[in-house]
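A.B. asks: Residue numbers (the working numbering): 3 to 370. Glycine included, every Cβ here is placed at the ideal spot set by N, Cα and C. The structure displayed is predicted, hence computed values, not measured ones. My structure is below; once you've seen it, I'll send some questions.
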Amino acid sequence: MNTSLLQFQKRLLSWFSIHQRNLPWRQTNDPYCIWVSEVMLQQTRVNTVIDYYHRFLDKFPSIEHLADSDLDDLLKIWEGLGYYARARNLKRAAEIVVFEMEGCIPNNYRQFRQLPGVGDYIAAAVQSIAFGKPLAAVDGNVKRVLARLYCRSEPTNIAKFNKTFQDLADRLLVTSQPGTYNQALMELGAMVCRPKSPTCLVCPVQNFCDAHQKLEVGLFPVRQAKKKRPEHQLVSGIFINGKNEVLVVQRPLKGLLGGLWEFPNQHVNPSADLVQDCKELAVDLFNIQEVSLSLTYLTQIKHAYTHFQVVVDAFFCYLSTDLSLEALDFKNWTNAQWKTIEELDQLALTGITNKLIPILKKSPHLIS
Ligand code: SF4
């Protein structure tokens, strides 16, 4: 950067005061609301978050409501937003604040940073925006802007270079208005210095931008290529009892999609005999040597997660006898229920399950 820091800060803040989007979490000083918004905004687009933010605060208007909430209700509100550990951690953190800190969200970076789910970014964002602490918050948008401003070739998606970008952000921080400054730099990244086709001609800080001056904007940020996501194959059973109800099971609270409900499933080899695998799933699940059921193939679903993708072959499984849920083998799940297809809407479901339900509803095999 070749001109003064003060001018850069002034241009950025002035642009933000005129061009910032009218977002609901910018209309409040409540640390709880700001914290909720920052957790939701991690890994998720602003337009997607807005509706979730309103629904979440309607259901849990205060940190006390969140601490007292039922995890199933929380996961239902969060359903579709992904990265469910964020919701579980937010609830655990709320419980600590309410039951161990007298309901006061810490206005101290180190104390706040120790709460479940609070990393460097969330801590700096909440502390600066809600409490005015002079901390620079560095997310993906900020890293991209910094890489271009300073022509930095360290890959922005590699954690070991986080400190490089944090140091650059610290240098630019407006310590008298840290919350506004952090939001301004993130807004610049989201609205002007976009990943593709940044609009440098209308950028308020173009005179300070090395990449723009050198006509090298297209070279930054540098990102290390990701490995191809591995693919896993699963077989899933839609078990139907004599009352036309389907069996759903709840995943363990810890781990991937923790606490969400799904149809029973298990991993299989790509070359497997799927009918035989589905029968074995039933035998394992109901914890009996032989189960009498007839199978009808339903469909194949593909679903992508951050680090892998899955291909699921689903079968209707008609049980000739009503088996008790007490007999279920819960080594892979924590809970099970028979539900009508309409009642499934009340549960927080995995993405795969949500893809299967519309197909189930149209199927002539299930009488609703
Ligand atoms: Fe980004 Fe272009 Fe502005 Fe530089 S001039 S900060 S590349 S939008």
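With a threshold of 7 Å, establish whether the CB of leucine 151 neighbours any heavy atom of the ligand SF4.
C.D. replies: Yes - the ligand SF4 has a heavy atom lying nearer than 7 Å to the Cβ of leucine 151.
A.B. asks: Between the alpha carbons of threonine 301 and leucine 68, how many angstroms are there, rounded?
C.D. replies: Threonine 301 and leucine 68: Cα-Cα distance of roughly 38 Å.
A.B. asks: Relative to the ligand SF4, is the shortest distance from any of its heavy atoms to the C-beta of valine 219 smaller than 7 Å?
C.D. replies: Yes, the beta carbon of valine 219 sits closer than 7 Å to at least one heavy atom of the ligand SF4.
A.B. asks: Leaving aside the five residues before and after methionine 193 along the sequence, list all residues of the same chain whose C-beta is less than 8 Å from its C-beta, in chain order.
C.D. replies: Closer than 8 Å at the Cβ level, and outside the excluded window around methionine 193, lie His21 and Arg23.
A.B. asks: Do you know how far the Cα of glycine 239 is from the Cα of tyrosine 152?
C.D. replies: About 54 Å.
A.B. asks: In or out: isoleucine 389 buried (at least 16 other Cβ within 10 Å) or exposed?
C.D. replies: Since the first and last residues shown for the chain are 3 and 370, residue 389 lies out of range.
A.B. asks: Taking the alpha-carbon positions, what's the isoleucine 124 to cysteine 195 distance?
C.D. replies: Spanning the two alpha carbons is a distance of roughly 22 Å.
A.B. asks: Tell me which residues share the same chain as isoleucine 79 and place their Cβ nearer than 7 Å to its Cβ, disregarding the 5 neighbours each side in the sequence.
C.D. replies: These residues qualify, in order along the chain: Arg57, Phe58 and Lys61.
A.B. asks: Using C-beta distances below 7 Å, list every residue in its chain close to methionine 42, excluding the 5 sequence neighbours before and after it, in chain order.
C.D. replies: Closer than 7 Å at Cβ, skipping near neighbours: Val51, Tyr54, Tyr55 and Leu83.
A.B. asks: With a threshold of 16 other CB atoms inside 10 Å of the CB of methionine 188, please say whether the residue is buried or exposed.
C.D. replies: So methionine 188 ends up on the buried side.
A.B. asks: Which same chain residues end up closer than 8 Å to histidine 305 when comparing Cβ atoms and leaving out the 5 residues on each side of it in sequence?
C.D. replies: Within the same chain, histidine 305 has close Cβ partners Gln311, Val312, Val314, Gly353, Ile354 and Lys357.
A.B. asks: From the DSSP secondary-structure annotation, give me the bridge partner or partners of tyrosine 320.
C.D. replies: DSSP output for tyrosine 320 lists Ile242 and Ser296 as bridge partner(s).
A.B. asks: Exposed or buried, which one is phenylalanine 167 when buried takes at least 16 other CB atoms within 10 Å?
C.D. replies: Buried: at least 16 other Cβ atoms inside 10 Å.
A.B. asks: Under the three-state reduction of DSSP, which class applies to alanine 87: helix, strand or coil?
C.D. replies: Alanine 87 falls in the helix class under three-state DSSP.
A.B. asks: Say yes only if the C-beta of valine 144 is nearer than 7 Å to one or more non-hydrogen atoms of the ligand SF4, and no if none qualify.
C.D. replies: Valine 144 Cβ: outside cutoff for every heavy atom of the ligand SF4.
A.B. asks: Could you name the residues that DSSP lists as bridge partners for tryptophan 340?
C.D. replies: Paired residues: Leu249.
A.B. asks: What's the C-alpha gap between leucine 297 and leucine 362?
C.D. replies: C-alpha separation (whole angstroms): 14 Å.
A.B. asks: Just checking my contact of arginine 253 with glycine 261 at CB under 8 Å: how many whole Å lie between their CB atoms?
C.D. replies: Confirmed, about 6 Å.
A.B. asks: Can you tell me the Cα-Cα spacing of alanine 171 and alanine 350, whole angstroms?
C.D. replies: Rounded to whole angstroms, alanine 171 to alanine 350 spans 39 Å at the Cα level.
A.B. asks: Measure the beta-carbon distance from glutamine 327 to alanine 338 and round it to whole angstroms, keeping in mind my assumption that it falls under 8 Å.
C.D. replies: The amino acid at residue 327 is misidentified as glutamine; the sequence shows leucine. Rounded, the Cβ-Cβ distance is 5 Å, consistent with contact.
A.B. asks: So, using beta-carbon positions, are alanine 127 and glutamate 218 closer together than 8 Å?
C.D. replies: The answer is no: Cβ separation not under 8 Å.
A.B. asks: Can you check the stretch 137-161 for any alpha helix (DSSP H) of at least 4 residues that lies completely inside it and give the ranges in chain order?
C.D. replies: Counting whole runs of 4 or more residues, the stretch 137-161 contains the alpha helix (DSSP H) stretches 142-151.
A.B. asks: Is proline 200 near the ligand SF4, in the sense that its beta carbon is under 7 Å from a heavy atom of that ligand?
C.D. replies: Answer for proline 200: yes, Cβ within range of the ligand SF4.
A.B. asks: So, is arginine 146 buried or exposed, given that buried needs 16 or more other C-beta atoms within 10 angstroms?
C.D. replies: Arginine 146 comes out buried.
A.B. asks: By alpha-carbon positions, which one of Arg150, Val100, Arg173 and Ile160 ends up nearest to proline 200?
C.D. replies: For the residues Arg150, Val100, Arg173 and Ile160, the minimum Cα distance to proline 200 belongs to Arg150.
A.B. asks: Pick helix, strand or coil for threonine 201, following the three-state DSSP scheme.
C.D. replies: Note: threonine 201 maps to coil in three-state DSSP.
A.B. asks: Let me check understanding here. Comparing Cα to Cα, which of Val140, Ile343 and Pro197 lies closest to arginine 173?
C.D. replies: For the residues Val140, Ile343 and Pro197, the minimum Cα distance to arginine 173 belongs to Val140.
A.B. asks: Applying the criterion that 16 or more other CB atoms from any shown protein chain within 10 Å of the CB defines a buried residue, is threonine 182 buried or exposed?
C.D. replies: With 16 or more Cβ atoms within 10 Å of its Cβ, threonine 182 is classed as buried.
A.B. asks: Can you tell me the Cβ-Cβ gap for lysine 341 and glutamate 264, rounded? I've got them flagged as a contact below 8 Å.
C.D. replies: Between glutamate 264 and lysine 341 the Cβ distance is about 12 Å, and since that is not below 8 Å, they are no contact.
A.B. asks: Should valine 194 be counted as a contact of the ligand SF4 given a C-beta to heavy atom distance under 7 Å?
C.D. replies: Flag set: Cβ of valine 194 near the ligand SF4.
A.B. asks: Note down the Cα distance separating leucine 321 from valine 250, rounded to an integer number of angstroms.
C.D. replies: Answer to the nearest angstrom: the Cα atoms are 14 Å apart.
A.B. asks: Answer yes or no: the CB of histidine 309 versus the heavy atoms of the ligand SF4, is any distance below 7 Å?
C.D. replies: No, the beta carbon of histidine 309 sits no closer than 7 Å to any heavy atom of the ligand SF4.
A.B. asks: Quick check on threonine 301: does DSSP put it in helix, strand or coil?
C.D. replies: In this structure, threonine 301 counts as strand in the three-state DSSP scheme.
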